[in-house]
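Numbering (our numbering), first residue to last: 11 to 371.
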């Protein structure tokens with residue numbers, strides 16, 4: 011038995027840096043094109059600076075906005091940066107230039123701001139095509155005209171084109187091929203410096219690989235596909251979310267466990283209480299039966315998840331206070347936990363809260 015740590019709560023997220031590097035190599039094996047590694051949302055909850063160090067073999071990084079760019083440049087990252095959804099003003103443009111970061115131009119409101127700007131040297135930009143996502147970007151009938159308008163601005167250097175697939179997680183979805191066809195057609199109407207359309211789902215299914223690829227979730231060892239596991243795609247989970255048992259006791263048949271008494275024991279059971287809850291990022295809506303590993307064996311979640319704790323049915327396991335618990339990790343895939351909570355793995359890894367220490371190996 012490992013004694014409980016008396017100095018702090020035992021919950022932690024351990025990040026396997028070698029797994030990140032392995033997953034980047036998987037991308038390299040699938041595509042010879044440049045790789046823009048997506049490390050936004052604090053590196054999908056893994057720690058942006060540490061992820062950037064581990065993925066320094068990428069060609070460039072994609073992040074959300076100026077805050078991310080400041081952090082990375084302050085950390086000493088010199089790779090090219092693309093700001094995928096930055097909302098900027100005149101001061102922001104000046105800082106973009108100082109940080110040598112490329113913004114994505116996705117709305118007509120950006121154009122007069124850029125047109126009136128007189129920088130000391132031209133700013134290279136991406137232009138976003140809305141190829142069917144219905145989120146950010148210019149509609150197909152407008153995008154070539156916007157590209158020409160940008161090229162005529164004195165403050166703009168190169169113009170590149172990107173789009174985002176809406177259904178690449180479904181390999182046979184007909185919309186993906188149509189979106190790629192539209193992208194290729196519009197890419198031929200202007201002399202773009204760089205093109206990019208492939209996200210993780212497209213990378214693993216071989217779509218849009220002739221251009222810069224933008225892997226995100228697959229870099230963290232999580233499958234981007236509905237119908238394939240990470241293991242089937244040769245991806246290694248980078249995060250192990252773990253804790254310890256802080257209480258073990260036997261409760262009689264008919265005992266209700268947790269808020270609302272939603273789980274009632276059908277037999278006398280040994281119940282373990284784990285020091286992890288929704289305050290740490292474990293999903294509150296995970297159902298009874300969600301797999302939890304105690305000493306490497308499944309002990310299903312029972313009852314509602316609390317802020318700081320959750321309960322598991324230990325069955326016949328000889329578990330004791332202080333024993334290790336894995337909420338998700340290589341042997342307990344986060345995709346399965348997400349399925350049990352009616353959400354996606356992206357939300358879970360990004361949602362591990364700041365009070366959970368990250369450790370790196």
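Where is the CB? At the ideal position from N, CA and C, for every residue including glycine.
Secondary structure at residue 50: helix, using DSSP grouped into helix, strand and coil. With 16 or more other Cβ atoms from the protein chains shown falling within 10 Å of its own Cβ, residue 211 counts as buried. Residue 43: not part of any beta strand (DSSP E); DSSP gives it neither H nor E.
In the DSSP assignment, residue 307 forms a beta bridge with 304.
With a contact defined as Cβ atoms closer than 8 Å, residue 56 and residue 230 qualify at about 6 Å.
Excluding five sequence positions before and after residue 297, the CB atoms of its chain that fall closer than 7 Å to its own CB belong to 350, given in chain order. If you draw a straight line from the Cα of residue 186 to the Cα of residue 344, it is about 26 Å long. Nearest C-alpha to residue 274 among 174, 330, 323, 132: 323. Counting other Cβ atoms within 10 Å of its Cβ, residue 131 stays below 16 and is therefore classed as exposed. According to the DSSP secondary-structure assignment, residue 19 is paired through a beta bridge with no residue.
Residue 113 holds the alpha-carbon nearest to the alpha-carbon of residue 78 among 113, 160, 365, 67.
Between residue 189 and residue 144, the gap from beta carbon to beta carbon reaches 8 Å or more. Taking C-beta atoms as the reference points, residue 160 and residue 123 fail to come closer than 8 Å. Taking C-beta atoms as the reference points, residue 34 and residue 68 count as a pair closer than 8 Å. Cβ neighbours of residue 48 within its own chain (closer than 6 Å, five residues either side excluded): 72, 224, 226. Note: residue 186 is not bridge-paired with any residue in the DSSP secondary-structure output. Each residue's CA atom was taken as its position, placing residue 28 and residue 87 some 19 Å apart.
Counting along the chain, the unbroken alpha helix (DSSP H) around residue 58 starts and ends at 58–64.
In this structure, 302 is the residue among 198, 302, 207 with its C-alpha nearest to the C-alpha of residue 255.
The C-beta separation of residue 41 from residue 205 comes to about 13 Å, leaving the pair out of contact by the 8 Å criterion. Distance from the CA atom of residue 152 to the CA atom of residue 169, rounded to whole angstroms, is 15 Å. In this model, residue 327 and residue 63 are separated by some 40 Å (Cα to Cα). For residue 156, the enclosing alpha helix (DSSP H) starts and ends at 150–161. Fewer than three pairs of CB atoms, one per stretch, sit closer than 8 Å, so the region 313–322 makes no contact with the region 352–371. Taking each of 149, 98, 116 in turn and checking the Cα distance to residue 127, the smallest one comes out for 98.
Spanning the alpha carbons of residue 70 and residue 208 requires a straight line of approximately 15 Å. For residue 129 and residue 36, the gap between their C-alpha atoms comes out near 40 Å. Burial state of residue 342 is buried, judged by a 10 Å Cβ sphere holding 16 or more other Cβ atoms. For residue 136, the pairing in a beta bridge is given by DSSP as 114, 170. Linking residue 111 to residue 241 through their CA atoms gives a straight-line distance of about 35 Å. Ranked by how close their Cα comes to the Cα of residue 30, the residues 247, 172, 270, 243 have 247 in first place.
Look at residue 175 here: in three-state DSSP terms it is coil, with no helix or strand label.
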